[in-house]
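Residue numbers (full-length UniProt numbering): 1 to 143. Just so it is clear, CB atoms sit at the ideal spot from N, CA and C, and this is done for glycine as well.
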């Protein structure tokens, strides 16, 4: 049912934007929360369904709803398979699911698509270092 609501939300946004016509030269001094629909900001709505699903997945992950977050991010990847941010969020879900090997594979995909996004590249590197198995150095007996 909630997916139906998001579909209606997207269709409504497209139809309303088509009705705008003309150029708006006024500056908007309203707070960012004004115009938000279903907790989704107008900026994210403008970016399309992948961004909406990514934001939904982030909220679900934060709430500990790992299966729902997984589903949302899978759907986001269908819309934007080369979105490094979605792959990164997917890696966070895999980490929370205690599946570090899969998380590392997703981070590798995120790295490929991150391009010049330095902030995302740093986040990817940080998470990857957290997921790498630690080498235990054992002292060698003295001869």
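From 106, 128, 115, 121, residue whose alpha carbon lies closest to that of residue 77: 106
Touching by the beta-carbon criterion (3+ pairs, under 8 Å), the stretch 89 to 104 and the stretch 116 to 130:
yes
- Message: Is it buried or exposed, residue 60, if we count other Cβ atoms within 10 angstroms and call 16 or more buried?
- Response: buried
inquiry  = Along the chain, where does the alpha helix (DSSP H) containing residue 119 start, and where does it finish?
reply    = 118 to 131
Taking the Cβ atom as the reference point for each residue, do residue 93 and residue 114 lie within a distance shorter than 8 Å? no
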